[in-house]
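Going by our numbering, the letters in the sequence shown line up with residues 4 to 256, in that order. All C-beta atoms, glycine included, are put in the ideal place defined by N, C-alpha and C. The model shown is predicted, which means the values in this text are computed figures rather than measured ones.
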Amino acid sequence: MTILSEDIVGYPVASVGAAALVAEVMAWIAAPGGSCRYFACINPHAVEVARSDAEFRAALLGADFLVPDGIGIVYASRVLGGGIRERVTGTDVFLATCAAQQAAGGGRCFFLGSTEPTLAAIRARLARDFPALEVVGSLSPPFKPAFSVADSERMVEAVNASGAEVLWVGLTAPKQEKWIREQQGRLAVRFAGPIGAAFDFYAGRIRRAGPTLQRLGLEWLPRLLQEPRRLWRRMGISAPRFVGSVIAARLKR
Numbered sequence: 004m005t006i007l008s009e010d011i012v013g014y015p016v017a018s019v020g021a022a023a024l025v026a027e028v029m030a031w032i033a034a035p036g037g038s039c040r041y042f043a044c045i046n047p048h049a050v051e052v053a054r055s056d057a058e059f060r061a062a063l064l065g066a067d068f069l070v071p072d073g074i075g076i077v078y079a080s081r082v083l084g085g086g087i088r089e090r091v092t093g094t095d096v097f098l099a100t101c102a103a104q105q106a107a108g109g110g111r112c113f114f115l116g117s118t119e120p121t122l123a124a125i126r127a128r129l130a131r132d133f134p135a136l137e138v139v140g141s142l143s144p145p146f147k148p149a150f151s152v153a154d155s156e157r158m159v160e161a162v163n164a165s166g167a168e169v170l171w172v173g174l175t176a177p178k179q180e181k182w183i184r185e186q187q188g189r190l191a192v193r194f195a196g197p198i199g200a201a202f203d204f205y206a207g208r209i210r211r212a213g214p215t216l217q218r219l220g221l222e223w224l225p226r227l228l229q230e231p232r233r234l235w236r237r238m239g240i241s242a243p244r245f246v247g248s249v250i251a252a253r254l255k256r
């Protein structure tokens, strides 16, 4: 199956829902001898960060599919005459993949990122929610702006030695996407997902917005209130710049 996508300011964004995307992921996992594939989340802030970060842009464009993680992407699709009508977040892909593996009888996954307490909480909850899944490993890498060659070597070795089929990465964007892209050829997993905040959501460290706010496209609001110093740039700077890009794309058409 080819994942349908549409162009949003130069990025091919998946125009199908989480169910169709995860069906493709399950086919990748089941394929014998398959190489590592990965997805990435795209939102207005990611688009603007990638303007000045060539490695991040390459990681986004190199992904096997991009999901419309931000409500701004959904609105952009409407302005540009596209068909994207709902967000698909990293958390959505994570939970849907886990559910699909559970229904298929199980699977092996590895969690890379965050802190040991968060990883412990994830392992405990996953055992309750998806008992057929096996967490074959987890690792909290050193907190630093960039990993050394030795750091990455240890991380890749830990993942590969575990025998995991799926790797979930929570190193925060854009570091997580760039790391997966850089190590893709060395990773023995079938599928890798940089899901960032999903680690904290699933572990219960940060409360995710309720269904109503999610439907209204306001899931960002509680996160902004919880972490204003880290997230204010997304709404105050990145969002207006992205709107300008969308208007320019519309005018060109």
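Secondary structure of Gly166 (DSSP, three-state): coil. No Cβ-Cβ contact shorter than 8 Å links Pro148 with Asp56. Taking the C-beta atoms as reference points, Val192 is found nearer than 8 Å to Leu170. Secondary structure at Glu89: coil, using DSSP grouped into helix, strand and coil. In this structure Ala130 is exposed. Its beta-carbon is surrounded by fewer than 16 other beta-carbon atoms within 10 angstroms. In the DSSP assignment, Gly75 falls within the alpha helix (DSSP H) that extends over 74-82.
Per DSSP, the continuous beta strand (DSSP E) segment holding Asp10 begins and ends at 8-11.
The three-state reading of DSSP puts Pro243 in helix, counting H, G and I together. Per DSSP, the unbroken beta strand (DSSP E) holding Arg111 starts and ends at 110-116. The distance from the Cβ of Val139 to that of Phe113 is about 6 Å, consistent with a contact at the 8 Å cut-off. For the 8 Å CB-CB criterion, Ser241 and Pro47 form a contact. The Cβ atoms of Met158 and Ala107 lie no closer than 8 Å to each other.
Between Cys101 and Leu142, the C-beta gap is not smaller than 8 Å, which leaves the two residues out of contact.
For Ile198, the three-state secondary structure derived from DSSP is coil.
DSSP places Leu63 inside the alpha helix (DSSP H), whose first and last residues are 57-65.
Boundaries of the alpha helix (DSSP H) around Arg131: 119-132. In chain order, Tyr41, Phe42, Ala43 place their CB closer than 7 Å to the CB of Ala66, counting only its own chain and leaving out the 5 sequence neighbours on each side.
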